[in-house]
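Student:
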Amino acid sequence: MLDDITRVGEDFDTELEGASDVKALDELRVKYFGRKGGLIPALFGRLKEVPKEQKKDVGDALNKLRDRLEESLKEKSERIAADEARRKESREHVDITLPGRRPRLGSLHPITLVRLRMEEVFREMGYSIDPGPEIESDWYNFEALNFTPDHPARDTQDTFFLDANAKEGTPLLLRTHTSNVQIRTMEKFKPPVKVLSCGRVYRRDEITMRRSPMFHQAEALLVDKGIHIGHMRATIEHFIRRIFGEEAQIRLRPSFFPFTEPSAEVDMSCFFCKGKGCGTCSQTGWMEILGCGMVHPQVLRNVGIDPEEWSGFAFGMGIDRVAMLKYDIPNIRTLFENDLRVLQQF
Ligand code: PHE
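If you read the sequence shown in our numbering, its first letter stands for residue 42, the second for the next number, and so on.
Encoded structure:
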């Protein structure tokens, strides 16, 4: 009997050693202390077979074994609980000395950067922003803007028509400029109006270094009482300087657009050589940057505004051109290829 007690004690020690989690420990507890078939209760059961003179020794040994095993089980279960707690803590622990992980952010396309900048400059001057529709009728893109029925810009050589064979009315087209927004704005709102329109325009051009069949324009329109060409010049100069820097100079050259009279082409002192003359400006010191003019009286009449009472100016420029100048991009195709190596630089 004493040998059995020793053996049970030794077996227990080995098994306890191998028990590494709560579950194994529970199983051990059942095996040794379970009410039914537990090894310790079984030993106690055999106590009555022990001869009287040995009873005290065996009983003592058995009590000691039970106490020792209970104590060991308790200790081990506390150790496992503590280990578990430590592991959990280290899992949840925030190491504030670790360098942060930089999130991968996108960036804005150079055309978007320029557009947002232009919109900001005009919003400061109290203009509203309206990109207007890209799919347009002949009226908004041409007719109301005083293009004669036989104007060459209406030719399919220059304009994308959406259904040239349409039986009824004139076909829809892709706007060839943002000037459609002039008409839409003046139809919708009584003057005074101030609006900036930035968006895509389309022309049937070959793709070259400087041309693309789809490009972007920014167009400003102001109609109010007593507006003259001085207001236009000052607005353009302010705008150009906010975009290209305070040292930028402008000059106006007479030009022609059906919807403005007088019309002008605006040159800006070369962004690269500051007017001294370089390869980019063909040694002239100037670069052509936008078209402008005083809103033609007929255009005002077309939208029901009395040209005797109101006058205004409009100007339009290529956003792509400006982005190419500002960021020194020689080929317009670079803007539309969506090459990440290029885009990530902005
Ligand atoms: N719409 C003209 C173009 O596409 C530019 C322009 C806008 C000219 C407004 C005068 C006034 O070239």
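Glycine included, every Cβ here is placed at the ideal spot set by N, Cα and C.
Do A275 and ligand 1 come close, with the Cβ less than 7 Å from some heavy atom?
Tutor: As a first step, residue 275 must be located in the sequence shown, where it is residue number 234. No, Cβ of A275 sits at least 7 Å from all heavy atoms of ligand 1.
Student: Put E111 into one of helix, strand or coil per three-state DSSP.
Tutor: Residue mapping note: residue 111 aligns to position 70 of the sequence shown, counting from 1. DSSP places E111 in helix when its eight states are reduced to three.
Student: Is the stretch 101-113 close to the stretch 140-159, with three or more CB pairs under 8 Å?
Tutor: The stretch 101-113, when compared against the stretch 140-159, does not touch it at the 8 Å Cβ threshold.
Student: Is A355 helix, strand or coil by DSSP?
Tutor: Mapped onto the sequence shown, residue 355 falls at position 314. Here A355 sits in strand by DSSP.
Student: Just how far apart, CA to CA, sit C333 and H279?
Tutor: Stepping through the sequence shown from its first residue, residue 333 is reached at position 292. Stepping through the sequence shown from its first residue, residue 279 is reached at position 238. Those two C-alpha atoms are separated by around 15 Å.
Student: By the three-class DSSP mapping on this structure, what secondary structure does Q290 have?
Tutor: The count along the sequence shown starts at 1 and reaches residue 290 at position 249. DSSP places Q290 in coil when its eight states are reduced to three.
Student: Looking at the unbroken alpha helix (DSSP H) that takes in F53, where does it start and where does it end?
Tutor: Here the question's residue 53 lines up with position 12 in the sequence shown. Where F53 is concerned, the enclosing alpha helix (DSSP H) stretches over 43-59.
Student: Please report the residue range of the beta strand (DSSP E) in which I330 lies.
Tutor: Position 289 of the sequence shown, counting from 1, holds the residue named residue 330. That run of the beta strand (DSSP E) goes 327-336.
Student: Only counting the same chain, and skipping five residues up and downstream in sequence, which positions put a Cβ closer than 8 Å to that of P371?
Tutor: Within the sequence shown, numbered from 1, the residue matching residue 371 stands at position 330. Contacts found: M250, M365.
Student: Specify whether the stretch 285-305 and the stretch 163-182 touch according to this definition: at least 3 beta carbon pairs, one from each stretch, less than 8 Å apart.
Tutor: They do not touch, by the three-pair rule.
Student: Pick out whichever of I81, S61, L215 has its Cα sitting closest to the Cα of E116.
Tutor: Here residue 116 is taken as the residue at index 75 of the sequence shown, counted from 1. Of I81, S61, L215, the residue nearest in Cα terms is S61.
Student: Which same chain residues, not among the five before or five after F298, have their C-beta less than 7 Å away from its C-beta?
Tutor: What you label residue 298 is simply residue 257 of the sequence shown in a count that begins at 1. Contacts found: S304, G332, G334.
Student: Looking at F300 and L186, is the spacing between their C-beta atoms short of 8 Å?
Tutor: Mapped onto the sequence shown, residue 186 falls at position 145. Mapped onto the sequence shown, residue 300 falls at position 259. Contact flag set, yes.
Student: For T189, verify whether its CB is less than 7 Å away from any heavy atom of ligand 1.
Tutor: Stepping through the sequence shown from its first residue, residue 189 is reached at position 148. No; taking the cut-off as 7 Å, the Cβ of T189 has no heavy atom of ligand 1 nearer than that.
Student: Closest to F74 by C-alpha separation, out of E94, F377, G59, G50, would be which residue?
Tutor: Indexing the sequence shown from 1 puts residue 74 at position 33. Closest by alpha carbon: G50.
Student: Nearest to I270 by CA position, among V162, V222, S352, D45, is which residue?
Tutor: The count along the sequence shown starts at 1 and reaches residue 270 at position 229. I270 has its Cα closest to that of S352, out of V162, V222, S352, D45.
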